[in-house]
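Right, one structure below, let's go through it.
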Amino acid sequence: MDAFTAGILKRIESTESDLHRAREAGDVFTMDVEQAELDDLRRLAAEHGVHVG
20 MDAFTAGILK
30 RIESTESDLH
40 RAREAGDVFT
50 MDVEQAELDD
60 LRRLAAEHGV
70 HVG
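Shown next, in the form of structure tokens:
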């Protein structure tokens with residue numbers, strides 16, 4: 020696994036965790052921010068052929 024793939028997967032995992040915590044806390048603003056970040060990371064991964072499970 021190259022550095023880009025490892026890095027993007029780590030960022031996705033971290034963002035998913037942050038989104039989960041925001042949902043548990045009921046923090047709507049942070050949920051929106053984290054969801055947008057997650058969408059961007061998944062799009063970037065797909066553009067570069069990185070499979071996100």
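First residue of the sequence shown? That's 20 in this note's numbering, and the numbers climb one at a time after it. Here a beta-carbon is modelled for each residue, glycine too, at the ideal position from N, C-alpha and C.
By the criterion of a C-beta distance shorter than 6 Å, T49 is surrounded in its chain by A41, once the five residues flanking it on both sides are discounted.
Secondary structure at G45: coil, using DSSP grouped into helix, strand and coil. Excluding the 5 residues flanking it on each side, L38 has same chain C-beta neighbours closer than 7 Å at M50, E53, Q54 and L57, in chain order. Cβ contact annotation for T34 (same chain, cutoff 7 Å, sequence separation greater than five): E53, E56, L57 and L60, in chain order.
As the crow flies, the alpha-carbon of H67 is around 23 Å from that of S36.
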